[in-house]
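Chains as they are written, first to last, in this note's numbering: chain E, 3 to 280; chain L, 430 to 700.
Right, dumping it as structure tokens:
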């Protein structure tokens with residue numbers, strides 16, 4: 003039995019906490035007990051639902067907003083309601099689509115990958131692009147996300163339909179974003195009018211203004227006019243995980259996955275531990 | 430499929446049990462002492478939007494590195510995955526009453542009947558996590574927790590070292606009993622102030638010296654001295670029917686962290 007940790011580490015200043023206005027706020031640690039003063043260490047951690055390698059359910063903003071981010075999702079479970087059999091040692095198909103910097107996985111590539119993958123009834127699916135490595139995340143900062151490969155909407159729809167057909171419940175990827183960065187960060191860090199220098203995330207003044215521009219809610223969409231790839235997938239899934247790492251260490255086409263988010267009562271998203279078992 | 434320990438012919442399928450205290454934004458039972466941090470989820474348009482928690486909120490893993498004397502030892506991101514995921518585990522049963530201090534002789538008796546294979550983790554089951562106290566209002570879950578005496582902890586540490594075991598899990602809310610300073614001083618305040626970052630907790634910790642911590646956390650230090658990682662505040666351990674099981678301990682993957690809230694799952698049956 004071989005265990006492979008696919009989890010992005012958590013550290014203050016991590017790029018994933020610095021690049022978007024709302025959905026992933028900065029990681030912040032306060033050492034309220036420390037070695038010198040108290041002889042021991044205790045930390046107060048400020049995380050976000052998308053810190054590290056997150057798992058997100060359709061009602062991502064639960065418990066305060068129980069509305070799913072896409073209408074009519076297949077599943078309505080919050081984090082603590084997901085059956086444990088879905089999270090522990092669940093059969094998972096590896097879907098290989100090698101993708102480099104900035105590449106948007108298209109429908110043809112997705113169709114080819116689905117054809118050659120050993121994707122069976124009830125499997126979870128792990129889309130491996132080869133992008134996710136800890137070293138790259140440490141070195142690139144926010145560019146790790148800005149330049150991440152991603153999934154084009156048409157490809158996401160194709161995969162979502164296949165997941166429904168095969169009764170597949172959880173989608174995971176080592177892409178840092180599922181949506182193309184130009185969509186996810188439209189007119190924030192990319193797009194027609196990106197903000198330079200890049201503002202801090204919520205609760206910065208710029209993020210608050212962005213909220214005004216969005217009509218007071220970021221529950222359902224980003225400001226890009228393009229449809230959401232992530233939205234297509236989360237509508238058909240119990241949950242989606244992204245920003246995984248070390249997937250190149252997986253040598254088999256099918257694995258068992260351990261997927262353990264924090265057990266937040268009525269929670270919608272949390273940093274999660276992803277471990278592959280071969 | 431495996432045969433159960435009692436030798437009967439009935440076979441067991443692989444079964445998973447969640448031993449984790451839920452993180453409830455309305456109320457957490459472990460926020461009694463000033464060393465605890467308040468857990469909350471700020472609403473999405475609040476400036477603090479996100480997940481705010483302490484490194485030992487709820488069910489948590491504590492490494493020896495949490496203590497100054499052992500700060501040069503392994504940190505969370507360095508713990509090899511095999512030490513925490515699907516690790517074979519032996520159950521050490523000591524039924525304990527409310528507020529009971531587990532003595533050296535009780536520990537000795539439990540050790541004598543505990544079968545620990547070399548390198549297994551040890552799950553100390555007292556029954557405290559099955560009484561429902563963690564789900565009731567008030568501070569009983571913490572202040573009435575059974576706990577280990579120092580001689581019992583030292584005996585357990587020796588036993589685990591001989592077994593080459595470095596992971597202790599337990600359903601105790603507190604492993605030791607901080608009765609030299611923390612309990613008498615904090616409990617003398619009425620009404621009891623909130624956990625960190627209340628003003629009172631900040632002032633208290635400002636005056637809480639390493640010497641006080643060594644006296645209050647002598648039991649935890651005895652375990653840390655033997656290189657033992659501890660997981661406390663498990664629930665639903667009584668449901669563990671097999672005496673042969675594996676556990677998954679899933680902390681946050683914190684760079685250079687010394688402790689973390691975690692998810693703990695028991696896996697019974699053959700992999």
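C-beta atoms are modelled at their ideal positions from N, C-alpha and C, and glycine is treated no differently.
These numbers come from a predicted model, not from an experiment.
At the C-beta level, residue 458 of chain L and residue 604 of chain L stay beyond 8 Å of one another. Rounded to whole angstroms, the Cβ separation of residue 624 of chain L and residue 601 of chain L is 19 Å, and the two are not in contact under 8 Å. Burial state of residue 583 of chain L is buried, judged by a 10 Å Cβ sphere holding 16 or more other Cβ atoms.
Among the CB atoms of chain L, one or more fall inside 8 Å of the CB of residue 260 of chain E. When C-beta distances to chain E are compared with 7 Å, the residues of the segment 496-511 of chain L below that value are 496, 497, 500, 506, 510, 511, in chain order. With respect to chain L, the C-beta atom of residue 186 of chain E has no partner C-beta closer than 8 Å. The segment 243-263 of chain E and the segment 217-229 of chain E do not touch, with fewer than 3 CB-CB distances between them shorter than 8 Å. Residue 132 of chain E: not part of any beta strand (DSSP E); DSSP gives it neither H nor E.
Residues of the segment 13-38 of chain E with a C-beta atom less than 7 Å from some C-beta of chain L are 13, 27, 34, 35, 37, listed in chain order.
Per the coordinates, the alpha-carbon of residue 564 of chain L lies some 12 Å from the alpha-carbon of residue 662 of chain L.
Residue 511 of chain L places its beta carbon 8 Å or farther from that of residue 573 of chain L. Among the residues facing chain L, residue 164 of chain E is not included, as its CB has no counterpart in that chain under 8 Å away.
With a cutoff of 8 Å on beta-carbon distance, residue 59 of chain E and residue 46 of chain E are scored as not near each other. For residue 446 of chain L, the uninterrupted beta strand (DSSP E) run begins and ends at 444-447, by DSSP. Using a Cβ-Cβ cut-off of 7 Å, residue 485 of chain L is close to 44 of chain E, given in chain order. Remark: C-beta atoms of residue 256 of chain E and residue 120 of chain E approach each other more closely than 8 Å. Taking all protein chains in view, the Cβ of residue 171 of chain E is crowded by 16 or more other Cβ atoms within 10 Å, so the residue is classified as buried.
In the DSSP assignment, residue 24 of chain E falls outside any alpha helix (DSSP H), carrying neither H nor E. Between the alpha carbons of residue 266 of chain E and residue 50 of chain E lies a gap of roughly 12 Å.
The residue from E:232, E:198, E:237, E:116 with its alpha-carbon nearest to that of residue 178 of chain E is E:232. Out of E:5, E:24, E:18, the CA that lies nearest to the CA of residue 218 of chain E is found in E:24. Segment contact: the segment 635-655 of chain L against the segment 488-496 of chain L, three or more CB-CB distances shorter than 8 Å; contact assigned.
Secondary structure at residue 529 of chain L: coil, using DSSP grouped into helix, strand and coil. Selection L:540, L:629, L:684 evaluated against residue 466 of chain L yields L:629 as nearest (Cα-Cα).
Its Cα nearest to that of residue 20 of chain E, the residue E:200 stands out among E:212, E:200, E:213, E:220. By the criterion of at least three beta-carbon pairs nearer than 8 Å, the segment 446-458 of chain L is in contact with the segment 481-489 of chain L. Taking CB atoms only, residue 586 of chain L has no neighbour in chain E less than 8 Å away.
Just measuring C-alpha positions, the residue of E:273, E:278, E:280, E:268 sitting nearest residue 456 of chain L is E:268. In its chain, beyond the 5 residues on either side, 129, 244 have a beta carbon closer than 6 Å to the beta carbon of residue 175 of chain E. Of all residues in the segment 436-469 of chain L, the ones placed with a Cβ closer than 7 Å to any Cβ belonging to chain E are 445, 447, 449, 451, 452, 453, 454, 464, 466, in chain order. Counting C-beta atoms within 10 angstroms of its own C-beta, residue 640 of chain L has fewer than 16 neighbours from the protein chains shown and is therefore classed as exposed. Taking all protein chains in view, the Cβ of residue 525 of chain L is crowded by 16 or more other Cβ atoms within 10 Å, so the residue is classified as buried. Per DSSP, residue 57 of chain E lies in no alpha helix (DSSP H) segment; the continuous beta strand (DSSP E) that holds it begins and ends at 56-58. Shortest Cα-Cα distance from residue 447 of chain L to any of E:211, E:261, E:278 involves E:261. By the neighbour-count criterion, in which a residue is buried when 16 or more other Cβ atoms sit within 10 angstroms of its Cβ, residue 62 of chain E is buried.
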